[in-house]
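Worksheet: the structure to be examined is printed underneath.
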Amino acid sequence: MNVFVIGSGGREHAIVWKLAQSPKVKKIYCAPGNGGTAELAQNVPIPIDDFAALAQFVKDEGIDLTVVGPEEPLLAGIVDFFSQRSLPIFGPSATAAKIEGSKCFAKNLMTRYNIPTARYESFIDYPSALAYVREQGAPIVVKADGLAAGKGVVVAETLEEAEEALYHIMQEGAFGQAGARVVIEECMRGEELTLLSFVDGETVKPMITSQDHKRVFDGDKGPNTGGMGTYAPVPHMSAELVEEIVEKIVKPIAKGMAQDGIPFKGVLYTGLMITAEGPKVVEFNARFGDPETQVVLPLLETDLVDIFVATVNGELADVDVKWKEGSAVCVVMAAPGYPGDYPKGQPISGLDQLQQGATVFHAGTKRTEEGIVTSGGRVLGVTGTGKTLAEAREAAYASVRSIHFDGAHYRRDIADKAFRHTK
Ligand code: AMP
Ligand code: GLY
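Structural data, given as structure tokens:
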């Protein structure tokens with residue numbers, strides 16, 4: 029089979045890397061790809077919003093399956109565009125992807141299907157939103173309705189912070205149309221957990237659990253980022269808890285969407301808070317997580333291409349999705365200044381001095397005549413695997429220490445939460 033992966037981050041490199049291990053996969057293409065995917069796939073310089081050009085490329089090259097990494101093309105309807113042309117593609121339709129693209133849409137679904145989540149109200153006019161925030165008091169969570177690259181959420185500890193966020197989103201238009209509507213939520217307390225699931229509209233096959241580290245600095249300090257590191261599976265989240273999440277949250281939402289005539293096909297990302305009252309949904313995403321994928325796929329035993337094909341064909345029930353023993357830890361190395369402004373084009377060295385059990389997934393890199401250089405905020409995701417979480421963490425950090433680019437920064441406490449629980 030020839031497979032085409034859309035996207036250019038660490039998640040897409042991990043997908044390409046896993047597909048490359050399949051005996052069924054002959055050639056992989058990646059648009060636009062990065063310095064890492066270039067080693068396993070043919071990078072194709074087609075913009076990911078140019079659906080006509082992407083579809084033409086698929087026809088010209090005889091590509092059998094397209095896999096979409098990021099949310100933007102999903103929400104813009106790439107799956108609908110390809111499906112109308114009978115080109116097999118892995119991912120949800122634009123309507124189903126709204127579960128990520130509109131927080132109101134997601135909240136409505138959850139209310140209708142009794143899915144546990146934070147209490148909320150949504151507003152399109154500023155005075156009512158402000159009055160509601162004042163009535164509820166802090167702590168409180170203010171969210172722009174639409175896509176805001178992870179920056180549209182403010183967990184306000186004080187009323188002042190909440191009012192400021194509301195003003196920023198609704199009056200100053202910080203996120204444009206994405207903030208024309210806001211969702212104001214009860215602040216949940218607890219530990220966060222990610223559960224990715226393959227869903228073919230009917231059947232749900234959960235992956236292993238993982239945990240992201242969203243803040244930029246150690247000890248969960250500083251601003252939110254796209255994710256500074258992950259580990260999987262999360263040892264202090266029991267099989268019973270996962271079962272509860274699948275039965276009370278993932279399956280009912282998939283069933284509800286199918287009933288509503290908008291079946292979800294692809295990877296459903298459930299972001300959870302494990303509260304004193306049990307697991308509650310923080311958000312749904314319509315795709316693999318980044319950097320969750322970089323710890324989940326290395327532990328997948330089953331051929332990923334079989335899962336993709338079965339999902340597209342609605343035959344996921346026939347696939348036995350198996351996982352390897354052991355653990356994985358991914359440490360993200362970021363450019364100086366990230367998540368703010370950062371330089372690009374800095375040479376990276378040490379990529380060939382990896383520890384046993386380590387793999388580097390490129391996120392923001394580019395291959396040039398002089399070698400691999402930085403080209404994004406999150407530059408690399410260094411994944412270590414091992415029999416134990418401690419081994420996996422050591423493999424990741426030992427490799428991180430041998431990789432260099434100017435001003436690189438990374439968190440030193442990835443997976444520490446797991447060790448705190450097991451002490
Ligand atoms: P989201 O983009 O909705 O995932 O929100 C980003 C981050 O904000 C989450 O990962 C949580 O850490 C935090 N967050 C979002 N909603 C809530 C909430 N209702 N209560 C507490 N924290 C939240
Ligand atoms: N790691 C968070 C996300 O992919 O949305």
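Heads up, the working numbering is the position in the sequence shown plus 28, with the first residue counted as 1.
Note that beta-carbon positions come from the ideal geometry of N, C-alpha and C, so glycine has one too.
ask   = Should K293 go down as buried or exposed, given a rule of 16 or more other Cβ atoms within 10 Å for buried?
value = If you number the sequence shown from 1, residue 293 lands on position 265. So K293 ends up on the buried side.
Whole-angstrom C-beta distance between T321 and G64, which should lie under 8 Å = Here residue 64 corresponds to residue number 36 of the sequence shown, with the count starting at 1. Here residue 321 corresponds to residue number 293 of the sequence shown, with the count starting at 1. That pair is no contact at about 13 Å.
ask   = Does the Cβ-Cβ distance between A282 and V337 come in under 8 Å?
value = Position 254 of the sequence shown, counted from the first residue, corresponds to residue 282. Position 309 of the sequence shown, counted from the first residue, corresponds to residue 337. Contact flag unset, no.
message = Any heavy atom of ligand 2 closer than 7 Å to the beta-carbon of D248?
response = Sequence index remark: in the sequence shown, residue 248 carries index 220 (1-based). It does not: the Cβ of D248 is nowhere closer than 7 Å to a heavy atom of ligand 2.
key: Residue range of the beta strand (DSSP E) that includes R243   = For this step, residue 243 is matched to residue 215 along the sequence shown. It spans 243 to 245 - the beta strand (DSSP E) in which R243 sits, taken as one unbroken run.
Contact check, L102 vs P120, beta carbons under 8 Å = The count along the sequence shown starts at 1 and reaches residue 102 at position 74. The count along the sequence shown starts at 1 and reaches residue 120 at position 92. Yes, the pair counts as a contact, with Cβ atoms nearer than the cut-off.
message = Under DSSP, the alpha helix (DSSP H) around H41 begins and ends at which residues?
response = Numbered from 1 along the sequence shown, position 13 holds the residue referred to as residue 41. From DSSP, the alpha helix (DSSP H) with H41 extends over 38 to 47.
V33 versus L93 - alpha carbon distance = Within the sequence shown, the letter at position 5 stands for residue 33. Within the sequence shown, the letter at position 65 stands for residue 93. Near 9 Å, if we compare the C-alpha coordinates of L93 and V33.
request  = Name, in chain order, the residues that DSSP records as bridge partners for G368.
outcome  = Reading the sequence shown from its first residue, position 340 is the one you call residue 368. G368 is not bridged to any residue.
query = From what residue to what residue does the alpha helix (DSSP H) around L325 run?
reply = By one-based count along the sequence shown, residue 325 stands at place 297. Counting along the chain, L325 falls outside any alpha helix (DSSP H), and DSSP gives it neither H nor E.
task = Identify which residue in L187, N341, M285 has its Cα closest to the Cα of N136.
result = Residue mapping note: residue 136 aligns to position 108 of the sequence shown, counting from 1. That would be M285, whose Cα lies nearest to the Cα of N136.
query = In whole angstroms, what is the alpha-carbon distance linking A193 and A159?
reply = Taking the sequence shown and counting its residues from 1, the one referred to as residue 193 is at position 165. Taking the sequence shown and counting its residues from 1, the one referred to as residue 159 is at position 131. Between A193 and A159, the C-alpha separation is close to 14 Å.
task = Could you pull the start and end residues of the beta strand (DSSP E) that K352 belongs to?
result = Locating residue 352 in the sequence shown gives position 324, where the first residue counts as 1. Segment: none, K352 is in no beta strand (DSSP E) and carries neither H nor E.
ask   = Looking at P120 and ligand 2, is the gap between the Cβ and the nearest heavy atom below 7 Å?
value = As a position in the sequence shown, residue 120 is number 92, starting the count at 1. Because no heavy atom of ligand 2 lies under 7 Å away, the Cβ of P120 does not count as near it: no.
message = Looking at I212: is its Cβ nearer than 8 Å to the Cβ of V183?
response = On the sequence shown, position 184 is the one that residue 212 refers to. On the sequence shown, position 155 is the one that residue 183 refers to. For I212 and V183, no; Cβs fall outside 8 Å.
ask   = In terms of residues, what are the limits of the beta strand (DSSP E) holding D228?
value = Taking the sequence shown and counting its residues from 1, one reaches residue 228 at position 200. First-last of the beta strand (DSSP E) with D228: 219 to 228.
ask   = Can you tell me the Cα-Cα spacing of R162 and E189, whole angstroms?
value = For the purposes of this step, residue 162 is identified with residue 134 of the sequence shown, where counting begins at 1. For the purposes of this step, residue 189 is identified with residue 161 of the sequence shown, where counting begins at 1. In a straight line, the C-alpha of R162 is about 12 Å away from that of E189.
Nearest-angstrom Cα separation, counted from V324 out to L223 = Here residue 223 corresponds to residue number 195 of the sequence shown, with the count starting at 1. Here residue 324 corresponds to residue number 296 of the sequence shown, with the count starting at 1. L223 and V324: Cα-Cα distance of roughly 10 Å.
request  = Using the Cα positions of I76 and G129, report the straight-line distance between them to the nearest angstrom.
outcome  = Against the sequence shown, residue 76 aligns to sequence position 48. Against the sequence shown, residue 129 aligns to sequence position 101. Using only the alpha carbons, I get a separation of about 17 Å.
ask   = Ordered along the chain, which non-local residues of its own chain (more than five positions away) have a Cβ less than 6 Å from that of C58?
value = Here residue 58 corresponds to residue number 30 of the sequence shown, with the count starting at 1. V33, V44, T65, A69, N71, listed in sequence order.
request  = Compute the Euclidean distance between the alpha carbons of V309 and M301, then round it to the nearest angstrom.
outcome  = Numbered from its first residue, the sequence shown carries residue 309 at position 281. Numbered from its first residue, the sequence shown carries residue 301 at position 273. Near 6 Å, if we compare the C-alpha coordinates of M301 and V309.
ask   = Hey, quick one: how far does the beta strand (DSSP E) through S50 stretch, first residue to last?
value = As a working mapping, residue 50 is identified with position 22 in the sequence shown. Premise fails: S50 is in no beta strand (DSSP E) and is neither H nor E.
ask   = Mapping DSSP to helix, strand and coil, what is N71?
value = As a first step, residue 71 is located in the sequence shown; it is residue number 43 there, counting from the start. Three-state DSSP puts N71 in a strand.
request  = With distances taken Cα to Cα, identify the nearest neighbour of I236 among E353, D346, A202, L344.
outcome  = Locating residue 236 in the sequence shown gives position 208, where the first residue counts as 1. Of the candidates E353, D346, A202, L344, the one whose C-alpha sits nearest the C-alpha of I236 is E353.
request  = Flag this pair as yes or no: are the beta carbons of A157 and M216 separated by less than 8 Å?
outcome  = By 1-based counting over the sequence shown, the position of residue 157 is 129. By 1-based counting over the sequence shown, the position of residue 216 is 188. Going by C-beta atoms, A157 is not nearer than 8 Å to M216.
inquiry  = Measuring only the C-alpha atoms, how far is F312 from H241?
reply    = As a position in the sequence shown, residue 312 is number 284, starting the count at 1. As a position in the sequence shown, residue 241 is number 213, starting the count at 1. C-alpha separation (whole angstroms): 17 Å.
ask   = What is the rounded straight-line gap between the Cα of T145 and the Cα of S50?
value = Along the sequence shown, read from residue 1 onward, the residue named residue 145 stands at position 117. Along the sequence shown, read from residue 1 onward, the residue named residue 50 stands at position 22. Roughly 38 Å separates the two Cα atoms.
query = Among the residues of its own chain, which have a CB less than 7 Å from the CB of V244, if the five just before and after it don't count?
reply = Indexing the sequence shown from 1 puts residue 244 at position 216. Within the same chain, V244 has close Cβ partners G250, P251, T253, M256, P367.
task = Note down the Cα distance separating T303 from H264, rounded to an integer number of angstroms.
result = As a working mapping, residue 303 is identified with position 275 in the sequence shown. As a working mapping, residue 264 is identified with position 236 in the sequence shown. Approximately 14 Å, taken between the alpha carbons.
C-beta contact flag for G38 and A391 at 8 Å = On the sequence shown, position 10 is the one that residue 38 refers to. On the sequence shown, position 363 is the one that residue 391 refers to. Yes, these two residues count as a Cβ contact at 8 Å.
request  = Confirm the yes/no value for this check: CB of L399, any heavy atom of ligand 2, distance under 7 Å.
outcome  = To locate residue 399, count along the sequence shown from 1; it is residue 371. Note on identity: in this sequence residue 399 is Gly, with Leu being the wrong assignment. No, the beta carbon of G399 sits no closer than 7 Å to any heavy atom of ligand 2.
task = Return yes when at least one heavy atom of ligand 1 lies under 7 Å from the C-beta of N136, else no.
result = By 1-based counting over the sequence shown, the position of residue 136 is 108. No, ligand 1 has no heavy atom inside 7 Å of this Cβ.
Selection from E185, Y141, C132 that minimises the alpha carbon distance to D173 = Position 145 of the sequence shown, counted from the start, is the residue given in the question as residue 173. Closest option to D173, Cα to Cα, is C132.
inquiry  = Let me check you understand the geometry: is the CB of E311 closer than 7 Å to at least one non-hydrogen atom of ligand 1?
reply    = Residue numbering aside, residue 311 sits at position 283 when the sequence shown is read from its first letter. True, at least one ligand heavy atom lies under 7 Å from that Cβ.
Cβ-heavy atom distance, G392 to ligand 2, below 7 Å = Sequence index remark: in the sequence shown, residue 392 carries index 364 (1-based). No, the beta carbon of G392 sits no closer than 7 Å to any heavy atom of ligand 2.
inquiry  = I need the straight-line Cα distance from D434 to P60, nearest angstrom please.
reply    = Working through the sequence shown from its first residue, we reach residue 434 at position 406. Working through the sequence shown from its first residue, we reach residue 60 at position 32. If I take the Cα positions, the gap works out to 25 Å.
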